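Residue numbers (my numbering): 1 to 405. Glycine is no exception: its CB is placed at the ideal position from the N, C-alpha and C atoms. Since the structure is predicted, the reported quantities are computational estimates derived from the model, not experimental observations. Heads up, the thing below is written out as structure tokens.
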């Protein structure tokens, strides 16, 4: 049995709709002097422009470097699916709706009370200093067993909205991916993270979320009876003054919530501290540029080098944030020259790995993967020498620096 997939191919290929939308968006941008988002309706004949507003953008929408090898006891959660860019620095409170406890409630009035309690917490907790973690689909309307019954006004002060797909037997609940409030979340700069707690590749500190003191009764005494399912955690109180910091990187498709020391003010270079290149294209471009710089600074007479080549993902424009740079060195010198060249290249490799870590959060021992070939290797087309002047996927020659005098 085939799976049926709905596409927009007919709309794109058989009508002028896309062309008309492009013309309209260009006209609005030119007349209003800014890029815009629109909402519209179309009945196949008439086009109705319902809303038009400036596109929102923030410096915090750049990807955050995510350090490798974080201590597990500092990680509250991590995620590795459908992650956008962003960073949320100083979270002081976590609102946690326990998925198991929520699934065991059959009283619909009690389920609705949870939604109302979340709405009250949204009003009393510090704005943009708390996150919401709940099962399934936030904003469910029909079957509220699928997720907490809230409206956007009940969550609009949160910094991050997390939906958890907690596995039940062989069934993993579907998430909304923020679609119930998508445009509102974007405009308000509220981050969205889908979380799969049972995924063995992520970290989920359920003990911290369940065993930390629940201050719900202190904050909202009228909802104390919901304390078994709705938990409010004062992070600094539970961690001796630490806060929760959320880092998100779309290129890595990773997010992490870590316990860290609070930010003392906002440093002037805060944006640069967290900024990474936004597209995959930048990863290979930067690597290729660095390979060219190395070749230009390499003294061929000093090191006994006849040619310098780049190949692999850097040359093929597919390098990602964790890719190394594959280099072929046509070497004709002595053993002493080779030892000196290896040491020189290792310095470059380690330095570039550190720069890459600052750009992307990927920790590597070195960025360069060096392969030496000799005249004999090239003559016999052995090993990596076969890449030189190959018919397909040939290594790319880079200009060497001028010999020193």
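For residue i, which residues in the same chain have their Cβ closer than 6 Å to its Cβ, ignoring the five residues on either side in sequence?
| i | result |
| --- | --- |
| residue 294 | 348 |
| residue 357 | 363 |
| residue 284 | 314, 317 and 319 |
| residue 18 | 12 |
| residue 196 | 165 |
| residue 209 | 96 |
Using only alpha-carbon positions, find the residue among the options that is nearest to residue i.
| i | options | result |
| --- | --- | --- |
| residue 84 | 396, 251, 72 and 43 | 251 |
| residue 287 | 355, 299 and 302 | 355 |
| residue 95 | 365, 121, 345 and 153 | 121 |
| residue 103 | 228, 39 and 30 | 228 |
| residue 421 | 312, 306 and 302 | One cannot answer for residue 421 here, as it falls past the ends of the chain, which runs 1 to 405. |
| residue 396 | 47, 307, 110 and 243 | 307 |
| residue 192 | 403, 137, 237 and 22 | 137 |
| residue 119 | 107, 149 and 93 | 149 |
| residue 125 | 134, 154, 253 and 298 | 154 |
| residue 236 | 185, 213, 353 and 282 | 213 |
| residue 53 | 28, 45 and 360 | 28 |
| residue 398 | 297, 386 and 391 | 297 |
| residue 99 | 321, 135, 91 and 31 | 135 |
| residue 186 | 156, 175 and 202 | 156 |
| residue 88 | 360, 321 and 262 | 262 |
| residue 205 | 9, 72 and 222 | 72 |
| residue 359 | 380, 249, 82 and 390 | 249 |
| residue 86 | 247, 401, 384 and 383 | 247 |
| residue 203 | 217, 81, 77 and 184 | 77 |
Within its chain, find whatever has a CB closer than 8 Å to the CB of residue i; leave out the 5 residues flanking it on each side and keep chain order.
| i | result |
| --- | --- |
| residue 142 | none |
| residue 55 | 34, 35, 36 and 37 |
| residue 403 | 299, 300, 301 and 302 |
| residue 70 | 256 and 258 |
| residue 387 | 309, 311, 328, 393, 394 and 395 |
| residue 304 | 331, 332, 333, 334, 337, 338 and 341 |
Determine the DSSP secondary structure at residue i, reduced to helix, strand or coil.
| i | result |
| --- | --- |
| residue 122 | helix |
| residue 132 | strand |
| residue 154 | helix |
| residue 393 | coil |
| residue 308 | strand |
| residue 297 | helix |
| residue 220 | coil |
| residue 80 | coil |
| residue 2 | coil |
| residue 303 | helix |
| residue 163 | strand |
| residue 53 | strand |
| residue 96 | strand |
| residue 12 | helix |
| residue 211 | helix |
| residue 191 | strand |
If you count every other CB in all the chains shown that lies within 10 Å of the CB of residue i, and 16 or more means buried, which is it?
| i | result |
| --- | --- |
| residue 231 | buried |
| residue 289 | exposed |
| residue 276 | Low confidence applies here, because residue 276 scores a pLDDT of 36, under 50, leaving its location unreliable; read the following figure in that light. Classification for residue 276: buried. |
| residue 23 | exposed |
| residue 411 | Given a span of 1 to 405 for the chain in the structure shown, any question on residue 411 remains unanswerable. |
| residue 207 | exposed |
| residue 79 | buried |
Excluding sequence positions up to five away, which residues of its chain have a Cβ less than 7 Å from the Cβ of residue i?
| i | result |
| --- | --- |
| residue 215 | 232 and 234 |
| residue 291 | 310, 314, 325, 327 and 398 |
| residue 260 | 242, 243 and 245 |
Query raised in the report: Do the region 153-168 and the region 41-56 touch if we need at least three Cβ pairs shorter than 8 Å?
Result: no
Query - the region 105-116 touching the region 184-191, judged by at least three CB pairs closer than 8 Å - result: no
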